[in-house]
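**Q**
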Amino acid sequence: QMLIYDPALRVTAKKILHHPYFDDLDKTKMPAGAYDGTLQLSQ
581 QMLIYDPALR
591 VTAKKILHHP
601 YFDDLDKTKM
611 PAGAYDGTLQ
621 LSQ
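In the working numbering, the protein residues as written are 581 to 623.
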């Protein structure tokens, strides 16, 4: 579900963090703030 090309069909990061795999992750150390879903890379 994380590798689906179409972002409209892809699972969200917020939903992924609720997966049991991440239960031991300290979510208080994760960066907070708004994220618009884009990533900018420089060449």
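Heads up, the beta-carbon is just placed ideally off N, CA and C, and yes, glycines get one too.
When you compare each of A588, L583, K594 and Y585 to M610 by their alpha carbons, which one comes out closest?
**A** By one-based count along the sequence shown, residue 610 stands at place 30. Among A588, L583, K594 and Y585, the Cα nearest to that of M610 belongs to K594.
**Q** Taking the alpha-carbon positions, what's the L583 to D603 distance?
**A** To locate residue 583, count along the sequence shown from 1; it is residue 3. To locate residue 603, count along the sequence shown from 1; it is residue 23. Rounded to the nearest angstrom, the two C-alpha atoms are 21 Å apart.
**Q** May I ask which residues mark the beginning and end of the alpha helix (DSSP H) holding A593?
**A** Walking along the sequence shown from the start, residue 593 turns up at place 13. A593 -> alpha helix (DSSP H) spans A593 to I596.
**Q** Establish whether the CB of P611 and some CB of chain D are separated by less than 8 Å.
**A** The structure shown contains no chain D; it is built from a single protein chain.
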